[in-house]
Amino acid sequence: MNIRLDSIDADWAWHAYKPNSEHPWNKRLAAHLFRRAAFGGNYELYDQALSSSPEVIVRQLMDQPAQAAEQLNQQRQLAQTLLATGNAKQLSAWWVHAMLSTPRPLVERMTLFWHGHFATSAEKVGETVMYRQNELLRQSALGSFRQLVHDIARDPAMLVYLDSTTNRKSHPNENFARELMELFCLGEGNYSERDVQELARCFTGWEIRQDKFRFNRFQHDGGTKTIFGRASQFPDSEAIDWILEQPQSAVFVVNKLFRLFVADEPSPPHKLLQPLADELRTNDWKIGPIIQRILTSQLFYSVFAVGKKVRSPVDLAVGLMRSLDGSTNSQQLGQELHQLGQGLFYPPNVKGWDGGRAWINSSTILSRANCIGRMVRDDKTRFAGLKLAEYIETKLKLSSPNQWIEYLEEMWLANPLRPAVRERLNANFSRNTDTDQWSTELLQTISALPEAQLG
Amino acid sequence: MVFRRTRIWIACLIVIALSSQIVVRGVEPRAAELLPSSTLAYFEIRNPQRLIDFVLDHPIRNKIEALEQVKRAKEERKYLEFKAVVAMVEAKLGQPWRKLLSQVAGQSLALAFDPTNRGSALIVHTADESTATNLVEAVVGLAQSAPGNARNKNRIQTAEYRGTKVYSLDKIRLAVVGQMLIVTNNGEQGKQLLDAYFDRPQKTLATDANYLRAESLVDDAIIWSYANVATLRQAGGLAKFFKGPKDNPVIELLLGGVFGTLQNTPLVALSMQLENQSIGLTATAPYDAAWTGESREYFLGTDGKGSAGQLLTVNQRMLALSAYRDIAGMWLRSDDLFNQKINDDLAKADSNLSTFFGGKDFAEDILAAMRPELQLIVARQSFVDARPVPTIKLPAFGLVADLKDPIKMQPELRRTFQSVIGFLNIVGAMNGQPQLELDMEKSDQLQLITSRYLPDSQSTDTANVRIHHNFSPSIAFAKERFVIASTQELARELAFAKMAAGESASSPAGTSVNTRALIDIKAGREILADNRSQLIAQNMIKEGQTQVEAEAAISTLLELVGWLRTATLRLETSQDVMKLAVTVETSSLGD
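Here the protein sequences line up with chains A and B, keeping their order.
Throughout the first sequence, residue numbering follows numbering that gives the first Met the number 0, covering 0 to 454 in sequence.
Throughout the second sequence, residue numbering follows numbering that gives the first Met the number 0, covering 0 to 590 in sequence.
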């Protein structure tokens, strides 16, 4: 079905969703919310969700649960310990572990989002600096976008990645200035070359020494710059605030959030995004309230959003594991995510991951299914501490391939299976009495279907 | 009349046959007396009762059973099913399983492989005929009546061969004859074994010269094994193995002389020694120094008489490995020992190393300047000096050798060490790596040239101190002794290290100890404990465990390692025997 967003009324879209008989709150919608906001949830969460409301669940996702502080502290200690190995690949494994076990999945989801937005890679940047940036993104995940941009402008990982460790007034480095406007705040076509050159002068004297930010006043160009028609010395980081003052900036950020939570395509019209952009400015660039509004909106629970995103490798693998209370060899999964195009701490370039349809091609679709197959068969993979077959029998109380298909369809797939596909799966697996075999083979088979690629 | 005489003859024949049968079955044969001389590999437990008692009554068994993981494993379905089967067998035979096991294993248990018919046989000399028969019938009955095993009921067939009931399941044949329980995977072999039982042939494995030699080499070990290496070599399937590690200089360096012997020796005998607080495994083979030739003289010395020095001791020593290895000889003989690729690599290394040593020939001028008695020491680090304590704590290691001409070589080695440190600093600076600072200490007794990484004065990150702070590469000279070590402390200690009291491993006359090693598992455990948080972290991300689970797993690992005290290895040669012995000692487990 071709989706047209032009005709959607913005008031209707962002109005809070109130379940009714025509559009009831059910497990499919609860699963949709958890998939988008929390990488997925298990059957207990979905059952609990039915007796609650989207507003309450989203508020719970935004809040920090009581046990989170201790767990986050443990995660930090784990990261510090792994950093001592000097191997950045261990950081990928650590993040996979954190995503699988975090009590704040929405924060982790947004940390990953900002990692793609303010992309830097351990291919070029040292692991300790990368980890510090990751902590910054996590702390600011739901906070002020304005503050985050200010922090990123001084972030060693970003400046090393953009070859901006030295920026002298005699020869301003334009890399960060260009990416600040094109990739971080405004988008392509919303600035001129002259703006880039002038903005670059504002960041002269901003240096990285010993992996730390340093302002070298002797190399700073204190003269007057003209950016977007305003002439000023732009002291400190005032230029960043001026960039954010531009009308396009809020829409640019909201558009990215729309792609993250609602749909990959088509691009939404400005009039649809404008209410959220206005709210972002009104709330002094606080991201949390905008996410809350999106996740509780009528548009989010409509056909325009459900099943309208291509699952990233992280969504596919981590989502499945979280849906089934899974734990696994994070190091192996981290490597496989890398092979599938989403290496954590290793985005492909400064633009981050393209996302959407770019995740899928004839090669990756098979690799994605193989990744799932390998993972569920791995001896180290456990589901609530059990093997998959035991988990299905004792926790989910399922006893046949058909029941397993129905369960996965309801809990893991965003769109129902096509009847012909379901019949074929039933025919192929119904006579299989070996739970170990049908549980894993069905999961791998379904994960290769088009239905499983959407989330 | 004729009829009467015939009947008398028949009666006599029957009496003779029966009496001979009685005589034959009066003294049960040894397993080797049933097996053909073509047997390639033979394994025997001569006193199963001793082994059963050793395993089941060992203090470690109680410790293992007290582990939480083991307790949990005992609650799993598969274990409970196994227990149920054991209980059924016990009920059927009216005896507890341990007693049953003792009676069945009885006097000996042997495993053998005969390449002529590709048959593997298990021959158990039981305590008495009825126990074996009852056990077989009980197990077969259980297999046939077990729910879901309906198919097995028809698959288990019975037949008779020379008056003996033979069970068969696919290729498996099982029979009880006298006190002997025989299981084989080859029907033809089964018949041969039963024939041998009744006919007692003159020529068997027990009369084979190689077997007899092997038996004499293992003395009265209760567990022993023999392999006919000459037959294995002729079979050709393991040709690559017998040629030696042509592509691996490290394996060659460690075991080259052993491979040299395996290429010629007719047999290998293995024996296991069980003591209350130790388990030993010894491999013995007939040996002739001439077999290994000049190419491995570097390993065994002239006429096979190269001897390793006594093990040195240092504080918190984890490993001491002392060996006779003439590295220069190996380097110069590399064409005979390695393949083309390794030789090319060694040629490149030779060229580069010669540059470092100011144009001197690396093999003839540098390596040959050291005596072939080498020693490697690994020790836990104390980190008591001023260096930052690294988050990952690695052990220190050092190599000790004696210089043939210290006056000549000391300046050469000192200058080269300083060049290497300078080179590392240049390369490190290009890659943003920390720098090493050189220092020197000189007295009448000792020259110590040290280097150390400078602490990062800017760093405030005390939780993550980098791994390179484990190293302060140093060399030391003390009289003839030359030490190169990963840390300053170990270099200093090794310069004057002596043999540990009580470790005088004297050798019998005519025996040369080529290699000796000792692992102090307690120190190894301490090193693991030093890195406990790192082990837990690795466990969490590789095993997918929670912190609590990972902590429990690492605690168990440390506990298991703590049950062991030392492991020793000794490779020795005498005029006609090469012996490789490994012994593991357990800690005192009285508490």
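The beta-carbon is built from N, C-alpha and C at its ideal position, and this holds for glycine as well.
The model shown is predicted, which means the values in this text are computed figures rather than measured ones.
Query: As assigned by DSSP and simplified to three states, the class of P371 (chain B); Result: coil
Query: Contact set between G142 (chain A) and chain B, taken where Cβ atoms lie within less than 9 Å; Result: Residues of chain B passing the Cβ test: none, with the nearest at roughly 25 Å.
Query: D334 (chain B), buried or exposed, once every other Cβ within 10 Å from all chains shown has been counted against 16; Result: exposed
Query: Selection of the region 373–385 of chain A by Cβ proximity to chain B, strictly under 9 Å; Result: D377, K379, T380, R381 and G384
Query: Cβ distance (whole Å) where L121 (chain B) is taken to contact L110 (chain B) below 8 Å; Result: 6 Å
Query: S120 (chain A) - DSSP class collapsed to helix/strand/coil; Result: coil
Query: 8 Å Cβ cutoff met for F396 (chain B) and V419 (chain B); Result: no
Query: Separation of A195 (chain B) from V23 (chain B), as counted between CA atoms; Result: Low confidence applies here, because V23 (chain B) scores a pLDDT of 43, under 50, leaving its location unreliable and the question unanswered by this model.
Query: C-beta contact flag for S294 (chain B) and L253 (chain B) at 8 Å; Result: no
Query: Within 8 Å, strictly: CB atoms of L192 (chain B) and L39 (chain B); Result: no
Query: Extent of the continuous alpha helix (DSSP H) run through D344 (chain B); Result: Q339 to F355
Query: Coil, strand or helix - N46 (chain B) by DSSP; Result: coil
Query: The region 324–338 of chain A touching the region 90–104 of chain A, judged by at least three CB pairs closer than 8 Å; Result: yes
Query: 7 Å CB neighbourhood of E436 (chain B) in its chain, flanking five on each side removed; Result: S450, R451 and L453
Query: Nearest-angstrom Cα separation, counted from N513 (chain B) out to L17 (chain B); Result: The predicted model places L17 (chain B) with a pLDDT of 38, which falls under 50 and marks its position as unreliable; any figure quoted below should be read in that light. Approximately 58 Å, taken between the alpha carbons.
Query: Contacts of G543 (chain B) in chain A (Cβ-Cβ under 7 Å); Result: S326, T327, N328, S329, K379, T380 and R381
Query: F233 (chain A) CB to nearest heavy atom of the ligand NAD below 7 Å; Result: Among the ligands in the structure shown, none appear at all, so the ligand NAD cannot be discussed.
Query: L271 (chain A) to N254 (chain A) span [Cα, whole Å]; Result: 10 Å
Query: Chain A residues whose Cβ lies nearer than 7 Å to that of M539 (chain B); Result: L77 and H96
Query: DSSP three-state assignment for P405 (chain B), whether helix, strand or coil; Result: helix
Query: Opening and closing residue of the alpha helix (DSSP H) in which R58 (chain A) lies; Result: P53 to M61
Query: Through-space distance from S101 (chain B) to M179 (chain B), alpha-carbon basis; Result: 14 Å
Query: Neighbourhood of G458 (chain A) by C-beta distance below 8 Å, restricted to the same chain and skipping five residues each side; Result: An answer regarding residue 458 (chain A) cannot be provided, because it is not within the stretch 0 to 454 covered by chain A.
Query: Option nearest V317 (chain A) by Cα separation, candidates A:A118, A:G125 and A:N41; Result: A:N41
Query: Contacting residues, own chain, Cβ-Cβ under 8 Å from I21 (chain B) (five flanking each side not counted); Result: In this predicted model, I21 (chain B) has a pLDDT of only 39, less than 50, meaning its place in the structure is not dependable enough to derive any value.
Query: Reduced DSSP secondary structure (H/G/I, E/B, other) of F214 (chain A); Result: strand
Query: S454 (chain A) at chain B interface by Cβ criterion, 8 Å; Result: Ser is not the amino acid found at residue 454 (chain A); the sequence shown has Gly there. So, not an interface residue.
Query: Straight-line Cα distance separating R145 (chain A) from D283 (chain A); Result: 8 Å
Query: For L99 (chain B), the three-state DSSP class (helix, strand or coil); Result: helix
Query: 3 or more residues per run - each beta strand (DSSP E) lying fully within the region 433–481 of chain B; Result: 435–441, 446–452 and 473–477
Query: Residue-chain proximity (I21 (chain B), chain A), Cβ-Cβ < 8 Å; Result: Per-residue confidence for I21 (chain B) stands at a pLDDT of 39, beneath the threshold of 50, marking its modelled position as unreliable; the derived number appears in the next sentence. No, no contact with chain A.
Query: S471 (chain B) at chain A interface by Cβ criterion, 8 Å; Result: no
Query: Per-residue contacts from Q533 (chain B) into chain A (C-beta, under 9 Å); Result: T80, L81, A83 and T84
Query: Amino acids of chain D, ordered along the chain, whose beta-carbon sits closer than 8 Å to that of Q402 (chain A); Result: Among the chains of the structure shown, chain D does not appear; the protein chains present are A and B.
Query: Sequence-distant residues of the same chain with beta carbon closer than 7 Å to C201 (chain A), five excluded per side; Result: K224, F233 and A238
Query: 6 Å Cβ shell around R17 (chain A) - same chain, five flanking residues per side excluded; Result: The identity of residue 17 (chain A) in the sequence shown is Lys, whereas the question assumes Arg. Answer for K17 (chain A): no residue qualifies.
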